[in-house]
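Notes follow the structure.
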């Protein structure tokens with residue numbers, strides 16, 4: 001599909017895979033709308049050299065109101081300044097905790113550690129609910145874009161699952177569950193909006209690479225990950 005002079009919404013766009021995706025799209029002449037709790041790093045050269053093609057909106061993907069505000073801001077930016085129709089949404093926002101399901105002794109505190117159901121709920125809320133809600137709110141705008149080419153394609157939705165959806169490791173119960181569910185939305189969504197609206201839906205399942213989620217802080221014990 002055409003990337004140049006199209007706008008792409010990227011959740012989790014200020015770090016890791018989302019930031020790398022943003023840089024790749026900018027290099028191809030696309031505009032990007034970054035949705036993240038934190039702004040992108042100040043030293044990224046492609047962002048510095050393309051400020052007019054980059055929008056950042058502070059966004060909590062677990063909040064429908066926050067997502068709606070970010071999408072409304074993007075649509076307004078496109079119509080007022082960007083002049084680059086919406087081309088797709090890329091759902092990169094995600095977290096993962098390293099927590100075991102079986103209670104075990106914590107040698108550091110002498111207490112028994114168990115998997116927190118609150119932590120499980122948070123992973124599901126960000127990785128699964130946040131993905132579905134962003135897609136749900138963006139779809140009407142994407143479906144309103146004029147189709148291009150012989151197949152009338154309007155854009156693309158990319159959901160980010162993980163190899164953990166298929167090869168989950170110890171401590172990844174919540175993360176694997178969330179990413180397995182994310183993988184499960186691809187086919188029914190593709191069958192619906194591909195046929196009726198000319199929107200492709202693609203799922204990717206990356207393996208391990210260096211991000212803030214896979215690099216432990218110095219004071220974290222082995223087996224725990226940070227987001």
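Residue numbers (the UniProt record's numbering): 1 to 227.
All C-beta atoms in this analysis are idealised placements derived from N, C-alpha and C, irrespective of residue type, glycine included.
Legend entry - Option nearest residue 275 by Cα separation, candidates 37, 2, 21, 1: Residue 275 lies beyond the residue range present for the chain, which begins at 1 and ends at 227; the question has no answer from this structure.
Inset, instruction - Answer yes if the stretch 164-184 comes into contact with the stretch 136-156, meaning at least three C-beta pairs across the two stretches below 8 Å, and no otherwise. - result: With a cut-off of 8 Å, the stretch 164-184 and the stretch 136-156 do not count as touching, because too few Cβ pairs lie within range.
Legend entry - Nearest-angstrom beta carbon gap, residue 62 and residue 35 [assumed within contact, 8 Å]: One-based indexing of the chain shown puts residue 35 at position 35. One-based indexing of the chain shown puts residue 62 at position 62. Incorrect: roughly 12 Å between the Cβ atoms, too far for contact.
Inset, instruction - Could you pull the start and end residues of the alpha helix (DSSP H) that residue 130 belongs to? - result: Translated into positions along the chain shown, residue 130 becomes position 130. 130-143 is the extent of the alpha helix (DSSP H) around residue 130.
Legend entry - Backbone secondary structure at residue 2 - three-state DSSP: Residue mapping note: residue 2 aligns to position 2 of the chain shown, counting from 1. Of the three classes helix, strand and coil, the one that applies to residue 2 here is coil, per DSSP.
Inset, instruction - Measure how close the beta-carbons of residue 32 and residue 54 come, nearest whole angstrom, since I'm counting them as under 8 Å. - result: Within the chain shown, the letter at position 32 stands for residue 32. Within the chain shown, the letter at position 54 stands for residue 54. By a beta-carbon distance limit of 8 Å, residue 32 contacts residue 54. Their separation comes to about 6 Å.
Inset, instruction - Would you give the residue range spanned by the alpha helix (DSSP H) that residue 59 belongs to? - result: Start at 1 with the first residue of the chain shown, and residue 59 comes out as number 59. That residue, residue 59, is in no alpha helix (DSSP H); it is neither H nor E in DSSP.
Legend entry - Proximal residues to residue 75 (C-beta, below 8 Å), its chain only, five neighbours per side dropped: Position 75 of the chain shown, counted from the first residue, corresponds to residue 75. Cβ contact annotation for residue 75 (same chain, cutoff 8 Å, sequence separation greater than five): 86, 141, in chain order.
Inset, instruction - Within 10 angstroms of the Cβ of residue 81, are there 16 or more other Cβ atoms? Answer buried if so, exposed if not. - result: Taking the chain shown and counting its residues from 1, one reaches residue 81 at position 81. Exposed, by the Cβ-count rule.
Inset, instruction - Apply the 10 Å Cβ neighbour rule to residue 242 and answer buried if 16 or more other Cβ atoms are within range, or exposed otherwise. - result: Nothing can be reported for residue 242, as the shown portion of the chain is limited to 1 through 227.
Inset, instruction - Quick one: residues in its chain with C-beta nearer than 8 Å to the C-beta of residue 192, no 5 flanking neighbours on either side, listed in chain order? - result: One-based indexing of the chain shown puts residue 192 at position 192. Taking residue 192 as the centre and dropping the five residues before and after it, the same chain places no C-beta closer than 8 Å to its C-beta.
Legend entry - Own chain partners of residue 2 with C-beta closer than 7 Å, once the 5 adjacent residues on each side are dropped: Looking up residue 2 in the chain shown gives position 2. Cβ neighbours of residue 2 beyond the five flanking positions: 148.
Inset, instruction - Starting from residue 180, follow the alpha helix (DSSP H) in both directions and report where the run begins and ends. - result: By one-based count along the chain shown, residue 180 stands at place 180. Annotation for residue 180: the continuous alpha helix (DSSP H) segment containing it runs 173-184.
Legend entry - Pick from 46, 108, 43, 67 that is closest to residue 12, judged by C-alpha positions: Your numbering for residue 12 matches position 12 in the chain shown. Looking at 46, 108, 43, 67, the one whose alpha-carbon comes closest to that of residue 12 is 67.
Inset, instruction - Could you please give the first and the last residue of the uninterrupted beta strand (DSSP E) stretch that includes residue 36? - result: The residue labelled residue 36 in the question sits at position 36 within the chain shown. From DSSP, the beta strand (DSSP E) with residue 36 extends over 31-36.
Legend entry - Cα-Cα separation, residue 47 to residue 24: Indexing the chain shown from 1 puts residue 47 at position 47. Indexing the chain shown from 1 puts residue 24 at position 24. C-alpha separation (whole angstroms): 11 Å.
Inset, instruction - May I ask you to report which of helix, strand or coil DSSP gives residue 221? - result: Numbered from its first residue, the chain shown carries residue 221 at position 221. The pLDDT assigned to residue 221 is 40, lower than 50, so where the model puts this residue is not dependable, and the model offers no usable value.
Legend entry - Run of the alpha helix (DSSP H) containing residue 122, from where it starts to where it stops: Within the chain shown, numbered from 1, the residue matching residue 122 stands at position 122. Segment 117-124, the alpha helix (DSSP H) holding residue 122.
Inset, instruction - May I ask which residues mark the beginning and end of the alpha helix (DSSP H) holding residue 25? - result: Against the chain shown, residue 25 aligns to sequence position 25. Element bounds for residue 25: 16-27.
Legend entry - Nearest-angstrom beta carbon gap, residue 93 and residue 162 [assumed within contact, 8 Å]: Here residue 162 is taken as the residue at index 162 of the chain shown, counted from 1. Here residue 93 is taken as the residue at index 93 of the chain shown, counted from 1. Between residue 162 and residue 93 the beta-carbon gap is near 13 Å, outside 8 Å, which marks them as no contact.
Legend entry - Exposure label - residue 101; buried when at least 16 CB within 10 Å: Stepping through the chain shown from its first residue, residue 101 is reached at position 101. With fewer than 16 Cβ atoms within 10 Å of its Cβ, residue 101 is classed as exposed.
Inset, instruction - Answer yes or no: do residue 26 and residue 50 have a C-beta to C-beta separation smaller than 8 Å? - result: Along the chain shown, one-based indexing puts residue 26 at 26. Along the chain shown, one-based indexing puts residue 50 at 50. Result yes, Cβ atoms of residue 26 and residue 50 sit closer than 8 Å.
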